Amino acid sequence: MAVLILAPFVGFLINGARYKKHSGNVAGSIATVAVAISFVSAILLVVDLVSMPAEARRIAVSFFEWMAIDKFKVNAGFVVDQISAIMILVITGVGTLIHLFSIGYMHHDKGVAKYFAYLNLFIFNMLLLVLGDSLLVMFVGWEGVGLCSYLLIGFWFTDKEKAAAGMKAFITNRIGDAAFLLGMFVLFITFGTLNFSELNALAPTVAESSWLGALTLGTLFLFIGATGKSAQIPLYVWLPDAMAGPTPVSALIHAATMVTAGVYMIVRLNPLFIMAPNTMMVIAIIGAATAVFAATIGITQNDIKKVLAYSTVSQLGYMFLAAGVGAFGAAMFHLMTHAFFKALMFLGSGSVIHGMHEEQDIRKMGGLKKYMPITHITFLMGWLAIIGTPLFSGFFSKDEILAYAFHSPMGSPILWAAGVVGATLTAFYMTRLMALTFWGKSRVSADVHPHESSAIMTIPLIILAILSVFAGWIGVPHVIGEHLGHMPNFWEHWLHPMISPIPGWTAIDHTTEWVLMGCSVGLATVSAIVAYQFYVKSPETPKKIAESIKPVYNTVYNKYFVDEAYFGFIINPLVSLSKNTWYYIDVNFIDKMTFWAGDLVRGMGSFARSVQTGNMQQYAMYIGIGVVVALSFVIMR
């Protein structure tokens, strides 16, 4: 396990110490090999897990005692089990492909060695986060990925907008992190421990339904922390701006690392969260709302990376919806499949941007499939997966979430309907993205000569495309598996010992399940066809519709003016309050008090100096006055 964790850190140290001397290829090779070593280590650990009995699949290591205060002790401990095994494979596997892609994408950049050092540090911190055996160890990785996101989003810091985007991500996440800390305090006061195994074991002893109960408050605070890292309402605003960083960074953040942290934390503590039904309800509602809200914004965006960014926010909403209705296994399933097709699409967008000489506006593209055949075919596989095409990976995970949202005692038809609306919108804006980028007539400027990317960039695309097609087959639902020779649901069997049962759950009948799948797939298909008709066959139609509903379109295009609202009602008033506080308290009170103190000392010194005249007659007079006062005091006694 030490090799798994430390290999990326060693890569960070090597590139970080010699970032001015390493060429791009050398730095990239060092960083890629470091993560590849971690990936091999992860595979070996998972093989060990598979060989163990299902109920005893756990590899725990405690490196040293981190802190000890009275009876409270924290070890730097790490654990690999069924949940963390999924994460380490995704993080290191997808991370290796992103590193490989970066060698080609970043080879002209001057700071490439530093870039790869940061990328390795990102992987290292994410491994700390998912392997930690307690909330405290997790929090170290949690803060580490926040730091790395700041460094990588603002990597091109000479551009003020890009530097501001990095700062925005960092500050927004600090709000969530403060809530995460409060959640840890509440849980420690309640349970006396922050160890995951101990918290999960003690959770059933404090099941509650009160909003003010310790368990509800603790889990709510943790969820607020998750909304920061995993970009949910109201703390999602940093993620679209994270597109300011290099495109492979976007792929790493959106697919394999940071944004999955909040979902992972909730699944890791699922026995705790399942005992707080009020928190679960909030998680489900926020997840469903985010899925729909972000999808509507995605329809109007024209930057290829911004479309994918809002897609990520929406897809994360599905994961939280799943967790909120008790479908923790489905949440992890979608986390994994999403990592593959979203990494594919972000790297594919990087290939497009690279081939289009840094152009990101999809209105200036079109017809690129003939110039970039590999990028087009692989991107097509990602598109088919994300819109939920039957038998592609996204279909299995998305429809499992929708089935739970409808049938779970913690779900409702309203939550299911929100999920279906989100899926329908996803099919529309992702088809729009495909149409405006690869299909239809070319709108490429005459001075731009599109070209396919090099093999070092297209090989990761091909591997991710294969995973986007076939990865979902490890979680084929029984309703489909029974028609395929009773294919087992490997995913369900793997996670079963780690997932708490949903209270009051009864098996969903197959007819209902087929109807639910038919609704979501049917609506998504119609939506995709409409988008194709609009943006390929009749490209003037969207403009006419947008013009006819201009106020609505402008509102959605401007992201519902949420950023403006935050600035107008929160940030600017706080800045104004800070300035006034500085002016009236610091400048007009503290500074003046300092001057007054100086004047007082100076005055006392002047008075003392006036007394010390050197005149002997005056001194004799002072002595005489002193004697008279002393005698008067004695006589009066």
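Under full-length UniProt numbering, residues 1 to 637 are what the sequence shown spells out, in order.
Where a beta carbon is used, it is the ideal one built from N, C-alpha and C, also for glycine.
Please read these numbers as outputs of a predicted model, since none were measured by experiment.
Any idea which residues DSSP pairs Asn-75 with across the strands? Glu-65
Using only the alpha-carbon positions, how far apart do Leu-119 and Ile-153 sit? 11 Å
Consult DSSP for Asn-302 and reduce its assignment to one of helix, strand or coil. coil
What would DSSP say about Val-90, mapped onto helix, strand or coil? helix
Pick helix, strand or coil for Ala-507, following the three-state DSSP scheme. coil
Endpoints, alpha helix (DSSP H) assigned at Asp-399: 393-407
Just checking: is the beta-carbon of Phe-72 within a distance shorter than 8 Å of some beta-carbon in chain D? Among the protein chains of the structure shown there is no chain D, as only one such chain exists.
From the DSSP output, in three-state form, read off Asp-361 for me. strand
Does the segment 187-203 touch the segment 265-279, meaning 3 or more C-beta pairs lie closer than 8 Å? yes
Cβ contact check for the segment 255-264 and the segment 212-231: 3 or more pairs under 8 Å: yes
Please report the straight-line C-alpha distance between Met-106 and Tyr-583, rounded to a whole angstrom. 46 Å
At 4 residues or longer, what runs of the alpha helix (DSSP H) sit wholly inside the segment 239-271? 247-251, 261-268
Own chain residues within Cβ distance below 8 Å of Pro-497, not counting five before or after: Ala-54, Glu-55, Arg-57, Gln-82
Here's the rule I'm using: 16 or more other beta-carbon atoms within 10 Å means buried, otherwise exposed. How should Gly-298 be labelled? buried
Would Trp-514 and Val-476 qualify as a contact pair, given that the criterion is a beta-carbon distance under 8 Å? no
Using DSSP bridges, identify the partner residues of Ala-60. Val-79
Whole angstroms are fine: how far does the CA of Val-421 sit from the CA of residue 639? Since the displayed the chain opens at 1 and closes at 637, residue 639 lies outside it and no answer follows.
Which one of Ile-502, His-510, Val-94 has the shortest CA to CA distance from residue 662? Residue 662 lies beyond the range of the chain shown here (1 to 637); nothing can be said about it.
How is Asn-615 classed by DSSP in three states: helix, strand or coil? coil
Work out the CA separation of Ile-353 and Tyr-535 for me, nearest whole Å. 21 Å
Per-residue burial, Pro-450 [other beta carbons within 10 Å of its own, 16 or more giving buried]: buried
The segment 247-257 / the segment 323-335 touching (three or more Cβ pairs under 8 Å): no
Can you give me the Cβ contacts of Met-336 inside the same chain, cut-off strictly under 8 Å, excluding the 5 residues immediately before and after it? Ile-86, Val-90, Ser-397, Ala-471
Out of Ile-30, Gly-24, Asp-48, state which residue places its alpha-carbon closest to the alpha-carbon of Phe-12. Ile-30
Give me whichever residues DSSP pairs with Asn-195 in a beta bridge. Ser-134
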